[in-house]
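Asks:
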Amino acid sequence: MNCRKHGPGCSVRWGYDQEHTDSGRPYTAGELGERVEAPHRHAYSSAQEYELGFRTWRAMRRDDRLTAAEEQVREPLILGRLGIAGSSFDEVIERALKAAE
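Under the numbering used here, the sequence shown has 30 at position 23, and the numbering climbs by one with no breaks.
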C-alpha cells in the first residue's frame, strides 16, 4: 500500500505511476490472492479502481490478519465500546491485575 519510492507519507496523487509501484499494470485476481502486502495505489488509474483491487485482495487473504491501517483503529474502537477510551490494552490489563491483588 505504501509508495515504493517515498514510503507511507507519499503525497503523489492517485493514478498509475510506474515509479511508485511494483506493478506495470493493475494486479490480476491471482496476483492479489498471493500478495502479503496490500496492492499499491499507484498500480491503478483511479481511487475507485484501487478500492476494488483492495477489496479483492482483502477478501482473498488467507491469513486473516488485520492490515496495518485496520490494526491502528482496532484498539481504540474496542476500548471505546468497553467505555475505557483513552487507555491502551496494556494499561487496562495492568489495572485489572492490580485490582485482582
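Where is the CB? At the ideal position from N, CA and C, for every residue including glycine.
1) May I ask you to verify whether the stretch 56 to 63 touches the stretch 37 to 46, counting CB pairs closer than 8 Å and requiring at least 3?
2) Could you round the C-beta distance between Pro33 and Ala45 to whole angstroms and report it? I think they count as a contact, below 8 Å.
3) Would DSSP call Arg102 helix, strand or coil?
4) For Glu81 versus Leu89, is the C-beta spacing smaller than 8 Å?
5) Tell whether a beta-carbon distance below 8 Å holds between His47 and Asp71.
6) Report buried or exposed for Ser52, applying the criterion of at least 16 other Cβ atoms within 10 angstroms of its Cβ.
7) If you run the structure through DSSP and keep just helix, strand and coil, what is Met8?
8) Pull up the CB-CB distance for Ala76 and Pro83, whole angstroms please, since I reckon it's below 8 Å.
9) Tell me which residue opens and which closes the alpha helix (DSSP H) that Ile91 is part of.
Replies: In brief:
1) Contact holds: three or more Cβ-Cβ distances are below 8 Å.
2) Contact between Pro33 and Ala45 does not hold, since the beta-carbon distance rounds to 14 Å and is not under 8 Å.
3) Three-state DSSP puts Arg102 in a helix.
4) With the sequence shown as reference, residue 81 is identified as Arg, and Glu is not the correct amino acid for it. It is not a contact, given that the beta carbons lie outside the stated cut-off.
5) No, the pair does not count as a contact, with Cβ atoms beyond the cut-off.
6) By the 10 Å Cβ count, Ser52 comes out exposed.
7) In this prediction, Met8 has a pLDDT of 49, which is less than 50 and means its spatial position is unreliable; what the coordinates show is noted afterwards. In the three-state reduction of the DSSP assignment, Met8 falls in the coil class, being assigned neither a helical nor a strand state.
8) That pair is no contact at about 13 Å.
9) Premise fails: Ile91 is in no alpha helix (DSSP H) and is neither H nor E.
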